[in-house]
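Quick note on the numbering used here: the sequence shown kicks off at 54 and runs consecutively. Below is one structure, written out as structure tokens; the observations come after it.
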Amino acid sequence: MPMPPTPSPAWHPLCHRDELAHGESREFALPGGDTRSLFAVRQHQQVYVYLNSCPHTGASLNWGADEFLSFDRSLIQCSLHGAQFRIDDGLCIWGPCLRQRLTALPVRLGDEQVEVDLSPLPARLRRPR
Ligand code: FES
54 MPMPPTPSPA
64 WHPLCHRDEL
74 AHGESREFAL
84 PGGDTRSLFA
94 VRQHQQVYVY
104 LNSCPHTGAS
114 LNWGADEFLS
124 FDRSLIQCSL
134 HGAQFRIDDG
144 LCIWGPCLRQ
154 RLTALPVRLG
164 DEQVEVDLSP
174 LPARLRRPR
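This is the structure:
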């Protein structure tokens with residue numbers, strides 16, 4: 054049985070790398086009129102980007118504007134029922150979606166820009182160009 058084709062990367066500029074400091078999280082709109090959003094978390098020189106959708110119900114995760122992290126800022130925490138996810142791989146370690154993962158998107162850091170590859174997004178969330 055032939056393997057399905059791997060989608061080509063669809064690199065999209067997210068922000069200037071100085072706009073996101075260590076320990077911060079931030080929400081970003083998706084291009085193309087998609088009503089869903091992404092969020093990024095920076096830890097030291099690494100940036101992690103996920104779809105803003107809890108595996109439990111599909112609800113947005115954030116508590117408020119750009120607030121995705123637990124009180125001690127060591128985990129991503131869903132505002133609805135409190136599920137907690139590791140920042141570095143999006144694995145749920147506590148809550149109703151235990152052992153499920155956030156939808157992670159590949160990130161590359163240029164000299165100035167943070168870019169995210171939108172090609173892994175579930176097709177239903179992308180609109181045709
Ligand atoms: S919607 Fe996130 S824990 Fe229930």
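Using N, Cα and C, we set each Cβ at its ideal position, and we do this for glycine too.
Among the residues of its own chain, which have a CB less than 6 Å from the CB of residue i, if the five just before and after it don't count?
i, result
"Gln-166", "Pro-66"
"Arg-179", "Residue placement at Arg-179 is poorly supported in this model, since its pLDDT is 46, which falls under 50; the coordinates still yield a value, given next. Correct list: empty, nothing qualifies."
"Arg-161", "Glu-168"
"Pro-108", "Cys-150, Gln-153"
"Phe-121", "Ser-78, Phe-92, Leu-114, Asn-115, Ile-129"
List the endpoints of the continuous beta strand (DSSP E) containing residue i.
i, result
"Leu-128", "128-130"
"Leu-133", "From DSSP, Leu-133 is part of no beta strand (DSSP E); its letter is neither H nor E."
"Leu-151", "From DSSP, Leu-151 is part of no beta strand (DSSP E); its letter is neither H nor E."
"Ser-106", "It is not in any beta strand (DSSP E) - Ser-106 carries neither H nor E in the DSSP assignment."
Using the Cβ count rule (16 or more neighbours within 10 Å means buried), how would you classify residue i?
i, result
"Leu-158", "buried"
"Ala-19", "Residue 19 falls outside the range modelled here, since the chain spans only 54 to 182, and no answer is possible."
"His-143", "In the sequence as displayed, the identity of residue 143 is Gly instead of His. Counting Cβ neighbours within 10 Å, Gly-143 comes out buried, since at least 16 surround it."
Which same chain residues end up closer than 7 Å to residue i when comparing Cβ atoms and leaving out the 5 residues on each side of it in sequence?
i, result
"Asp-170", "Pro-62, Ala-63, Trp-64, Leu-158, Pro-159"
"Ala-112", "Leu-133"
"Asp-141", "Tyr-101"
As a quick exercise: from the options, pick the residue whose alpha carbon is nearest that of residue i.
i, options, result
"Gly-148", "Leu-114, Val-102, Ala-82, Gly-76", "Leu-114"
"Ser-78", "Ser-90, Asp-119, His-97", "Asp-119"
"His-134", "Leu-151, Leu-162, Gln-99, Met-56", "Leu-151"
"Ala-74", "Arg-126, Cys-145, Ser-90", "Arg-126"
"Asp-71", "Phe-124, Pro-58, Ile-140, Gln-98", "Gln-98"
"Arg-95", "Arg-139, Ile-146, Gln-153", "Arg-139"
"Gly-163", "Met-54, Leu-104, Cys-68, Gly-85", "Cys-68"
"Leu-91", "Pro-84, Tyr-103, Gly-85", "Tyr-103"
"Thr-110", "Glu-80, Gly-117, Leu-155", "Leu-155"
"Pro-175", "Ser-106, Gly-117, Ile-146, Cys-145", "Ser-106"
What does a CB cutoff of less than 8 Å around residue i pick up in its chain, not counting 5 residues either side in sequence?
i, result
"Ser-123", "Ile-129, Gln-130, Gln-137"
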